[in-house]
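Only one structure is covered here, and it is reproduced in the block below.
Number of protein chains: 2
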Amino acid sequence: MEHLRLGEFEEIVLLTVGILDGNAYGVAIKDEIEARLKREVSIGAMQTTLRRLEKKGFLESQHGDTQPNRGGRPKLYFRISSAGMQAIHYTRQTRNDLWNALPQWVLNT
Amino acid sequence: MEHLRLGEFEEIVLLTVGILDGNAYGVAIKDEIEARLKREVSIGAMQTTLRRLEKKGFLESQHGDTQPNRGGRPKLYFRISSAGMQAIHYTRQTRNDLWNALPQWVLNT
DNA sequence: TTGCAATACTACAAAGTAGTATTTAATGTA
DNA sequence: TACATTAAATACTACTTTGTAGTATTGCAA
Numbered sequence: 062m063e064h065l066r067l068g069e070f071e072e073i074v075l076l077t078v079g080i081l082d083g084n085a086y087g088v089a090i091k092d093e094i095e096a097r098l099k100r101e102v103s104i105g106a107m108q109t110t111l112r113r114l115e116k117k118g119f120l121e122s123q124h125g126d127t128q129p130n131r132g133g134r135p136k137l138y139f140r141i142s143s144a145g146m147q148a149i150h151y152t153r154q155t156r157n158d159l160w161n162a163l164p165q166w167v168l169n170t
Numbered sequence: 062m063e064h065l066r067l068g069e070f071e072e073i074v075l076l077t078v079g080i081l082d083g084n085a086y087g088v089a090i091k092d093e094i095e096a097r098l099k100r101e102v103s104i105g106a107m108q109t110t111l112r113r114l115e116k117k118g119f120l121e122s123q124h125g126d127t128q129p130n131r132g133g134r135p136k137l138y139f140r141i142s143s144a145g146m147q148a149i150h151y152t153r154q155t156r157n158d159l160w161n162a163l164p165q166w167v168l169n170t
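Sequence order for the protein chains is A and B.
All residue numbers for the first sequence refer to this note's numbering, where the first residue is 62 and numbers rise by one.
All residue numbers for the second sequence refer to this note's numbering, where the first residue is 62 and numbers rise by one.
Laid out in structure tokens, this is it:
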């Protein structure tokens, strides 16, 4: 399962691509993460991570129609691949298992 | 909340310390992770991560009694600090929120 | 031809990993 | 009782991958 492992930020990006559901391109993903997690994300971090996830086969990309209201480079849309789906499921499952194994009293500390 | 952020492996280690509940020292934590996640963990990765978590205030350590059955250096026991508890709660919450925001159909892909 | 909206590139910092060395102490043996 | 041997653990060092920031470039419309 090593090949399904996701870094902390990688997982957040992958999930957010899923949430944006067809409207996931660089800047939109960045904005969405910032809004939801109240956490600053640089555009560089965004691009690097997207490309890395694509290279690993967890994301697929395709250029969108080139019809913006007011200038702008064509957007590059991302969507989760089936390997990507496997990865987020695996990650979630693993963490839930650990969490469920925590003794009750530890949680009330 | 940036100061509560945990890396992928850091989170696993922290949770496993909680699971071991008073019996968490380097080698035991390593063995537990390997058994639960079916994932190889080097002893070096283990030590580095434990020290990092301690330095960040998410773990506290103390030497155990020096009475092993058969030789051996005194064990160094770890437990989750209250900042550590906050961190795992925060991380879990954040991920669950994202997960819950995923459109249903994406999950069945 | 200017300005905006987006992606691409480059370099660096932090987290993750592996391999090896060192420390501590019990045990066997002369 | 001294001492070599061995087991069990932690400490150190170097390297890879992931995360982050800053800046440059591209493409398009007014």
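Ideal Cβ positions, reconstructed from N, Cα and C, are used throughout, including at glycine.
All values reported here derive from a predicted model rather than from experimental measurement.
Asked, Found
"Where residue 121/A falls: helix, strand or coil (DSSP)", "strand"
"Backbone CA spacing between residue 138/A and residue 114/B [nearest angstrom]", "37 Å"
"DSSP state of residue 163/A mapped onto helix, strand, coil", "coil"
"Given residue 84/A as reference, the closest of 167/A, 124/A, 157/A and 103/A once Cα atoms are compared", "124/A"
"9 Å Cβ cut-off: residues of chain B touching residue 73/A", "155, 156 and 159"
"Residue 113/B, DSSP secondary structure in three states", "helix"
"CB contact check: residue 105/A to chain B, cutoff 7 Å", "no"
"Spatial distance of residue 97/A from residue 165/B (CA atoms)", "19 Å"
"Short-range partners of chain A found in the stretch 78-108 of chain B, where Cβ spacing is below 8 Å", "79, 80, 82, 97, 98, 99 and 100"
"Neighbour flag for residue 110/B against chain A, beta carbons, 7 Å", "no"
"Closer than 9 Å at the beta carbon, the chain A residues around residue 148/B", "Going along chain A, no residue has its Cβ under 9 Å from residue 148/B, so there is no contact; the nearest lies around 12 Å."
"Three-state secondary structure (DSSP) of residue 97/B", "helix"
"Beta strand (DSSP E) segment containing residue 137/B, residue limits", "137-141"
"Check whether residue 111/A and residue 145/A have beta carbons under 7 Å apart", "no"
"Inter-residue spacing [alpha-carbon to alpha-carbon] between residue 152/A and residue 134/A", "34 Å"
"Environment of residue 88/A [buried if 16+ CB atoms lie within 10 Å]", "exposed"
"Sequence-distant residues of its chain with Cβ nearer than 8 Å to residue 106/B (five each side left out)", "70"
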